[in-house]
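Here's the structure we're looking at; comments come further down.
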Amino acid sequence: DQQVKQNSPSLSVQEGRISILNCDYTNSMFDYFLWYKKYPAEGPTFLISISSIKDKNEDGRFTVFLNKSAKHLSLHIVPSQPGDSAVYFCAATPYSGAGSYQLTFGKGTKLSVIP
Amino acid sequence: NAGVTQTPKFQVLKTGQSMTLQCAQDMNHNSMYWYRQDPGMGLRLIYYSASEGTTDKGEVPNGYNVSRLNKREFSLRLESAAPSQTSVYFCASSIRTANTEAFFGQGTRLTVV
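As they're listed, the protein sequences go chains A and B.
To convert, note that position 20 of the first sequence is 20 in this note's numbering; the numbers rise steadily by one, no gaps.
To convert, note that position 98 of the second sequence is 98 in this note's numbering; the numbers rise steadily by one, no gaps.
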């Protein structure tokens with residue numbers, strides 16, 4: 001039973017355009033969400049997070065949107081650059097209490113930004 | 001600025017052999033974690049240590065043991081390796097367990113034949 005779903009295994013975007021990566025979750029206890037970026041042969045690196053008290057969080061070219069009623073979040077990258085080509089993982093956790101130690105990850109979306 | 005350091009980076013084991021994966025962090029973080037990543041899967045938590053002196057099971061603990069040696073170091077041991085343990089293993093650390101980002105090491109690619 002996959003609690004965090006990234007339904008698009010891959011995405012190709014032209015350089016300079018917007019990349020939109022999507023993530024859905026099923027566990028209503030999740031209220032803190034993170035995006036990680038992973039290059040081949042490296043560990044994941046933290047990109048951006050959002051708690052359920054917000055519906056948007058922005059950091060430079062990266063914006064995460066959260067729709068709690070739909071249990072859906074998305075990562076927008078504008079403008080996309082070739083260096084953004086990587087696998088992006090969505091992760092979720094309860095903000096506190098049982099299970100808050102554990103990040104539950106989606107399977108990842110491989111983003112390719114074409115020059 | 002080392003962050004989280006894992007050794008070794010690559011390892012090939014025969015079925016039934018044992019080995020220990022080492023992890024150290026220099027960020028003075030309280031919490032440390034071991035994850036595994038399999039093809040087409042997200043990362044799954046094996047064990048974690050909320051603070052020095054404590055360890056707890058994660059989602060997939062069977063076949064593994066851990067030791068939180070001190071605040072900096074958290075090791076993962078495979079007592080009798082099985083082909084199903086072929087995976088990429090990531091160690092991570094965070095300032096605390098809840099609602100915070102974790103910082104990951106570069107990973108150990110383990111093959112059990």
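All C-beta atoms in this analysis are idealised placements derived from N, C-alpha and C, irrespective of residue type, glycine included.
- Taking the Cβ atoms as the reference, S85 of chain A lies roughly 6 Å from L111 of chain A, within the contact range of under 8 Å.
- G108 of chain A reaches chain B at G42, counting residues in chain order whose Cβ is nearer than 7 Å.
- K57 of chain B and Y47 of chain B have their C-alpha atoms roughly 5 Å apart.
- Uninterrupted beta strand (DSSP E) stretches at least 3 residues long and entirely within the region 67-109 of chain A occur at 72-77, 86-93, given in chain order.
- Taking a beta-carbon distance threshold of 8 Å, G60 of chain A does not count as an interface residue toward chain B.
- In the three-state reduction of the DSSP assignment, S80 of chain B falls in the coil class, being assigned neither a helical nor a strand state.
- Here K54 of chain A is exposed. Its C-beta has fewer than 16 other C-beta atoms within 10 Å.
- Between T63 of chain A and the set A:P115, A:L21, A:S10, the nearest pair of CA atoms involves A:L21.
- Of the residues assessed, P8 of chain B falls on the exposed side of the cut-off, its CB having fewer than 16 other CB atoms within 10 angstroms.
- For N65 of chain B, DSSP records a beta bridge to B:R77.
- Per DSSP, reduced to three states, the secondary structure at Q85 of chain B is helical.
- Straight-line spacing of the CA atoms in I50 of chain A and P83 of chain B works out to 38 Å.
- At a beta-carbon threshold of 8 Å, the residues of chain A lying near Q106 of chain B are A41, E42, G43, ordered along the chain.
- Assignment of R44 of chain B by DSSP, reduced to helix, strand and coil, places it in the strand class.
- Against chain B, the CB of S49 of chain A has a partner CB under 8 Å away; the residue lies at that interface.
- Comparing alpha-carbon positions, the option among B:A81, B:F10, B:R77 lying closest to E42 of chain A turns out to be B:F10.
- When DSSP states are grouped into helix, strand and coil, M27 of chain B belongs to the coil group.
- Pairwise C-beta distances place the region 27-40 of chain B in contact with the region 73-91 of chain B, as three or more of them are shorter than 8 Å.
- Taking each of A:P40, A:V13, A:C23, A:I18 in turn and checking the Cα distance to K107 of chain A, the smallest one comes out for A:C23.
- Counting of Cβ neighbours within 10 angstroms places I77 of chain A among the buried residues, the total reaching 16 or more.
- Taking C-beta separations shorter than 7 Å and ignoring five residues to either side along the sequence, the partners of E52 of chain B in its chain run R68, N70, K71, following chain order.
- The C-beta distance from F46 of chain A to K56 of chain A rounds to 18 Å, too long to meet the 8 Å contact threshold.
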